[in-house]
Amino acid sequence: MRVYLDNNATTIVDPKVFKEMEPYFVQSYGNPNSLHEFGSETHPALRKAMGQLYCGLNADDQDDIVVTSCATESNNWVLKGVYHDHILNGEKDHIITSEVEHPAIISTCKFLETLGVKVTYLPVNEKGIIEANDLKSFITEKTALVTIMWANNETGMLFPIEEISQICKEAGVLFHSDAVQAVGKIPVDLKKLDIDFLSFSAHKFHGPKGVGGLYIKNSQPLTSLLHGGEHMGGRRSGTLNVAGIVGMGEALELAVKNLSFENNNVRKLRDKLEDEILKLDDVFVVGSRDERTPNTILVSVKGIEGEAMLWDLNKNGIAASTGSACASEDLESNPVMEAIGAEADLAHTALRLSLSRFTTEEEIDYTVGILNNAVKRLRAISSTYSYAPDWHDSKL
Ligand code: C6P
């Protein structure tokens, strides 16, 4: 059996999405900016997709959504655009983010630090989220931007976005949220929140890879990252990825339609898997279930290196991860586990299991069996494992 439990890394393209995309590879493959029919026949599909994105996010205006190549690009655009528009001219000098953002934010902040920008990396509590009051105390009149993720990709923990947006609004500071792990998994209603910029990525909600988006409230000015032709109203140059955009629109519409299913069925399966995992001795799951996206578990299994567990699972057809896919090759300990204060040996035992609406109960039952055997076998040969009932208290 093959079981895919790495849906926070990427998801299967929904076959319905793929079907909608196909004609734009092999039939209507024209450049939408061309004047001939091959080009113009793509326009209705593009209009439909932009409408699906606008409805799916409940944005104020369809023009507030700009398509990018991925969330990494969207995040880079916001940070570098705000640097250009508000920091380079000396008006401001400060950006606030959290310690547990995705590398697309952290690495960009590190780059901006080399240009003289001051960056505050807010610490997280034992649940892996920031305290909104901490944020308040770090905002100054020189703060140009607050960028805080909506849901953490490793733990699934949801950040208090409403409260954060309110704090930023009251302080008159721009607010960006990397909502890659929230869009399509939980309700994201942009009319209800004061968010200036929001990043998302199609391949996290059963759309294709290589296409994402940035919501820009009221189409406010933001210097482009990609200069060139006048695509996307001159805000983001590059020939439009027609099939990708069509796929992203369809995928978001389906994801939003399936939200209650996601919140019920996926949650039920995730909870079943978590209940079984918690029957094992010396395991620790980060964050409580209600405070997480419904599909995610980050668990530490004492005495077993995350990579050893992955190898064992993979041998049995099960795909999981030790954390973020883009950091999976460096064998470092899990950075979110470290940020919540876990000791290094514990942070090395992280295992991320992330489900989707395509996950079945049979797959969860199979995974539980394999996981139980793997834990027994790997602990038997572990040099670091010996049973200690007070382990949780002593390690965290
Ligand atoms: N996280 C993970 O395994 P792209 O692929 O550029 O569209 O998305 C990047 C990205 C940005 N923000 C968050 C919160 C993310 O989770 C991701 C992708 C994957 O966790 C791959 S590293």
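Per our numbering: the sequence shown = residues 667 to 1062.
From the three backbone atoms N, C-alpha and C, an ideal C-beta is built for every residue, glycine too.
Remember, it's a predicted structure, so these values are computed and weren't measured experimentally.
> Are at least three pairs of beta-carbons, each pair with one atom in the stretch 958–977 and one in the stretch 817–835, less than 8 Å apart?
Replying inline: yes
> Can we count His768 as close to ligand 1, meaning its CB is less than 7 Å from some heavy atom?
Replying inline: Result yes, Cβ under 7 Å from ligand 1.
> Do His752 and Asp844 have their C-beta atoms closer together than 8 Å?
Replying inline: no
> Heavy atom of ligand 1 less than 7 Å from the Cβ of Val812, yes or no?
Replying inline: no
> Would DSSP call Arg955 helix, strand or coil?
Replying inline: In this structure, Arg955 counts as helix in the three-state DSSP scheme.
>> Please state whether the Cβ-Cβ distance between Ala985 and Val669 is less than 8 Å.
In response: yes
> Glu828 to Lys875, Cα distance in whole Å?
Replying inline: 29 Å
> Comparing the CB of Ser694 with every heavy atom of ligand 3, is any distance shorter than 7 Å?
Replying inline: Among the ligands present in this structure, namely ligand 1, ligand 3 is not found.
>> Suppose contacts are defined by Cβ-Cβ distances below 8 Å. Is Arg1018 in contact with Asn697 by that definition?
In response: Going by C-beta atoms, Arg1018 is not nearer than 8 Å to Asn697.
>> Taking the straight line between their C-alpha atoms, what separation do you get for Val744 and Ser926?
In response: 31 Å
> Ser987 and Asp672 look like a contact to me (Cβ under 8 Å); what is the Cβ gap, rounded to whole Å?
Replying inline: At roughly 5 Å, the Cβ-Cβ gap stays under 8 Å, so Ser987 and Asp672 are in contact.
>> Beta-carbon within less than 6 Å of Gly895's beta-carbon, same chain only, minus the 5 sequence neighbours each way: which residues are those?
In response: Ser903
>> Considering Cα atoms alone, identify which of Arg936, Asp947, Val912 and Trp977 is closest to Thr637.
In response: Outside the shown range of the chain, which is 667 to 1062, sits residue 637, and nothing can be said about it.
> How is Asp727 classed by DSSP in three states: helix, strand or coil?
Replying inline: Asp727 sits in coil when the DSSP states are folded into three classes, being neither helix nor strand.
> Run through DSSP, which three-state label would Lys1061 get?
Replying inline: Below a pLDDT of 50, predicted positions are generally treated as unreliable, and Lys1061, at 44, falls in that range; no measurement from the model is reported.
>> Between which residues of its own chain and Asn724 is the CB-CB distance below 7 Å, once the five residues before and five after are set aside?
In response: Only Asp855, Leu856 and Lys857 meet the Cβ criterion.
> In whole angstroms, what separates the C-alpha of Lys945 from that of Ile1030?
Replying inline: Each residue's Cα considered, the two are about 15 Å apart.
> Quick one: Cα of His893 to Cα of Gly910, how far?
Replying inline: 21 Å
>> Which residues does DSSP list as the beta-bridge partners of Ser1020?
In response: Its beta-bridge partners are Asp672 and Thr962.
>> Distance check for Gly915 and Thr1033, CA to CA, integer angstroms please.
In response: Each residue's alpha carbon lies about 32 Å from the other.
> Which residues in the same chain have their Cβ closer than 7 Å to the Cβ of Thr708, if we skip the five residues on either side of it in sequence?
Replying inline: Tyr690, Ser694, Gly696, Pro698 and Val908, listed in sequence order.
> Would you call Met667 buried or exposed, if buried means 16 or more other Cβ atoms sit within 10 Å of its Cβ?
Replying inline: exposed
> Any heavy atom of ligand 1 closer than 7 Å to the CB of Val846?
Replying inline: yes
> So does Gly878 have its beta carbon nearer than 7 Å to some heavy atom of ligand 1?
Replying inline: yes
> Rounded to whole angstroms, how far is the Cβ of Ser865 from the Cβ of Ala1046, which I believe are closer than 8 Å?
Replying inline: Contact check for Ser865 and Ala1046: beta-carbon distance about 44 Å, past the 8 Å limit, so the pair fails to qualify.
> Excluding the five sequence neighbours on either side, which residues of its own chain have a C-beta within less than 7 Å of the C-beta of Asn741, listed in chain order?
Replying inline: Ala770, Ile771, Thr774, Asp844 and Ser865
>> By the three-class DSSP mapping on this structure, what secondary structure does Tyr787 have?
In response: strand
>> Can you tell me which residues form a DSSP beta bridge with Val967?
In response: Val949
>> For Val790, which residues in the same chain have their Cβ closer than 7 Å to its Cβ, ignoring the five residues on either side in sequence?
In response: Ser764, Glu765, Val766, Ile796, Ala1005 and Ile1006
>> Buried or exposed for Ile814, going by 16 or more other Cβ atoms inside 10 Å?
In response: buried
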